[in-house]
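So the sequence shown is residues 0 to 535, counted in numbering that gives the first Met the number 0.
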Amino acid sequence: MLDPDSGLSLTIARIVQRLKGSSLHSQLERQARVSLHKPEIRLESLKEDIKDFLRTSGWEKKLQNAVYSELNVFPSPCHPAAPPEHMKEPLAYMRKAQGSWEKRILKSLNSMCTELSIPLAQKRPVSEQKELLNKWNEMGTDEPDLSLFRPVYAPKDFLEVLMNLRNPNYENGEHPSFRNHLGLIQVPLKVKDIPELKEDFSELGLNIGQLGIDDSAQVPPEFFENEHVRVGQKGMDLFSSVINFLAEQDSAAAQQYVRQGCPTALRADLWALILNISNQPEDILYYEQLKSNVIQHDLLVDSLIYKDVKLTASNDDYYFVFEDYLYQVLLCFSRDTAVLEHFTYSSATPPRSYIRGKLGMEEYAVFYPPNGVIPFHGFSMYVAPLCFLYHEPSKLYQIFREMYVRFFFRLHSISSHPSGIVSLCLLFETLLQTHLPQLFYHLREIGAQPLRISFKWMVRAFSGYLATDQLLLLWDRILGYNSLEILAVLAAAVFAFRAVNLMEVTSLAAAEAVLADLSTLKVMPLLQIFLFATVT
């Protein structure tokens, strides 16, 4: 067990090491040198005067935001004696299951590559490069023949893998606190109960006003929204420049603020502040470099991206207009090697390929795709809702990438993390079995296990299922609480809301029909009633 002092020291050392290699570090050094020429900087109090200068000029707040971002993204440090793979995933059977799942994905990708006689990557002819560059903003008008391509996997395939997960230490169901669990997920992980969730999500209480709820009995919504906007505007007035943040801007305060929702007009800036995205000139240049890589090289995964967008977002009433944005963001994302960094704290391992004729020779191994992420059916729906908030491609890209490496990667990898998809599934089933036992047993008896219906909602973070305004209210809370657990709570709340209808169904198909359309649901009342009006 790592004692608190040692853990804090390791965390500080890690953050310092990471920030030393960042552009912020060089900017701070440059500003400190510039300050030496100012008359208020005196030799006898040099250190304190430079600190004061960085504080009053807003650079201290930038540094605080960067540190806060690191704390949000990276897990707490392991004990120094723990093997490095424990940072990725502490449970050996989870690591083994993830490894087997990755082999299956690669086998599917390689089979497609062989069947279609298409290389994993190749340089585009000059004529094709020019054509792609010319239609970069109109890629949605292109109609390539994708009939032979198929998604590498779909959420239902992933669910089958999770259903077969077992902890070998409890192979015979001997775990006393788990043997009564009758759901599809059969691994003994600790998940929260309603009292713990109430405590964690206390800002969602029935007596606390929320943006996005119309019927608060204790706080008139019009009063609350005006007050909430006023508090938010105090910080948001400082967003006039994306280059220089002023002193009052605070990622931690913004994160706390969005726990109760945020006004539509302020959401884009608040999310960017929470994610520490400022779209500096070097960020725009980086995006252009990724774009250049897309123009120059054709990857097999490009066709998977095209296929996924065509099958999902292009057929969605809310998102079809953003088709061009989705291609731009996802194609650039596949080339971004900076995404590889998240594998240090993800249970997944980036796939590798070998230069032709050099199979098995490590010096010729490369990550494929360059970002290490193979898209699956529905992947583009992680990007689509963000298109409502960000219209500058480079900023849209940065926001999505940060959302992915903080949250979305956990929805398609096998791990024991509380926000991982395995824990979310178990939390959902436990909430239903505990608080809606009649419904749970009824659906189980007719072969309509609730998780078979809700799994696709959670894997997509409800994107494509909720109306966009409601989805953004949900994602406000994901950012505010830095957790995906609210997805499982909402999934259980949806079943509770439709319980009367579900008790009358006699088949899986009928249950799916009852829950086929979530677009009319109001997220906040559902969450509040389920969490705070449930008898525990």
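Yeah, the Cβ is synthetic: ideal placement off N, Cα and C, and Gly gets one too. These numbers come from a predicted model, not from an experiment.
Helix, strand or coil, according to DSSP, for residue i in the structure here?
i      : result
Val522 : helix
His416 : coil
Asp297 : strand
Phe148 : coil
Tyr92  : helix
Thr467 : helix
Leu517 : coil
Lys134 : coil
Ala532 : coil
Ala253 : helix
Asp141 : coil
Arg258 : helix
Lys189 : coil
Arg165 : coil
Gln527 : helix
Glu511 : helix
Pro280 : helix
Glu503 : coil
Asp539 : The structure shown does not extend to residue 539, since the chain is modelled only from 0 through 535, so no value can be given for it.
Asp213 : Residue confidence for Asp213 is low, a pLDDT of 45 falling below 50, so the modelled location carries little weight; the figure read from the coordinates is stated next. Correct three-state label for Asp213: coil.
Ser302 : helix
Gly231 : Residue placement at Gly231 is flagged as unreliable, the pLDDT there being 47, under the threshold of 50; the coordinate-derived value follows with that caveat. Helix.
Asn314 : helix
Asn292 : helix
Ser482 : coil
Tyr381 : helix
Gly204 : coil
Ala487 : helix
Val337 : A quick correction: the sequence has Ala, not Val, at residue 337. In this structure, Ala337 counts as helix in the three-state DSSP scheme.
Thr348 : coil
Tyr389 : coil
Ser462 : coil
Phe222 : Annotation note: pLDDT 44 at Phe222 (below 50); position unreliable, coordinate value reported separately. Helix, per DSSP.
Asn370 : coil
Ile14  : helix
Ile477 : helix
Ala65  : helix
Ser116 : coil
So residue i is in the beta strand (DSSP E); what residue range does that whole segment cover?
i      : result
Lys122 : 120-122
Flag residue i as yes when its Cβ comes closer than 7 Å to any non-hydrogen atom of the ligand SAH, and as no otherwise.
i      : result
Arg405 : The ligand SAH is not part of the structure shown, which contains no ligands of any sort.
Based on the DSSP secondary-structure assignment, which residues constitute the bridge partners of residue i?
i      : result
Ala364 : Tyr353
For my contact list, residue i and residue j are in at a C-beta cut-off of 8 Å; report their separation, rounded to the angstrom.
i      : j      : result
Leu530 : Leu188 : With 8 Å as the limit, Leu530 and Leu188 do not qualify as a contact, their Cβ atoms being about 21 Å apart.
Val328 : Tyr396 : 5 Å
Leu470 : Val493 : So it is not a contact: roughly 13 Å between Cβ atoms.
Ala267 : Tyr389 : 6 Å
Leu325 : Asn370 : Between Asn370 and Leu325 the Cβ distance is about 16 Å, and since that is not below 8 Å, they are no contact.
Glu139 : Asp323 : A quick correction: the sequence has Gly, not Glu, at residue 139. Right, the Cβ-Cβ distance comes to about 5 Å (below 8 Å), so this counts as a contact.
Ser146 : Tyr286 : Incorrect: roughly 32 Å between the Cβ atoms, too far for contact.
Asp335 : Leu289 : 6 Å
Ser462 : Met402 : Between Met402 and Ser462 the Cβ distance is about 11 Å, and since that is not below 8 Å, they are no contact.
Phe465 : Leu520 : The sequence given here places Leu at residue 465; Phe does not occur at that position. With 8 Å as the limit, Leu465 and Leu520 qualify as a contact, their Cβ atoms being about 7 Å apart.
For the alpha helix (DSSP H) that residue i lies in, which residues bound it at each end?
i      : result
Thr263 : 263-273
Glu195 : 193-199
Arg497 : From DSSP, Arg497 is part of no alpha helix (DSSP H); its letter is neither H nor E.
Ser393 : 392-405
Glu159 : 154-162
Val458 : 449-458
Ser333 : 322-334
Gln437 : 436-444
His411 : Careful: His411 lies outside any alpha helix (DSSP H) and carries neither H nor E.
Lys37  : Premise fails: Lys37 is in no alpha helix (DSSP H) and is neither H nor E.
Met86  : 84-87
Next on the checklist: Could you check whether the segment 272-290 touches the segment 485-499, counting it as contact only if at least three pairs of C-beta atoms, one from each stretch, sit closer than 8 Å?
Outcome noted: no
Checklist entry - On the three-pair Cβ rule with 8 Å, is the segment 301-310 touching the segment 504-522? => result No, the segment 301-310 is not in contact with the segment 504-522.
Next on the checklist: Counting beta carbon pairs with one atom in the segment 95-109 and one in the segment 149-167, are three or more of them shorter than 8 Å?
Outcome noted: yes
Item to check | Validate contact between the segment 362-379 and the segment 434-450 using beta carbons, cut 8 Å, 3 pairs | outcome: Judged by Cβ distances under 8 Å, the segment 362-379 makes no contact with the segment 434-450, as fewer than three pairs qualify.
Next on the checklist: Count Cβ pairs between the segment 474-489 and the segment 250-263 that sit closer than 8 Å; are there 3 or more?
Outcome noted: yes
Checklist entry - Within the chosen definition, does the segment 406-418 reach the segment 346-355 through at least 3 CB pairs nearer than 8 Å? => result yes
Next on the checklist: I want to know whether the segment 267-277 touches the segment 107-126 - three or more CB-CB distances under 8 Å.
Outcome noted: no
Checklist entry - Any chance the segment 456-471 sits against the segment 484-491, with 3 or more Cβ pairs inside 8 Å? => result yes
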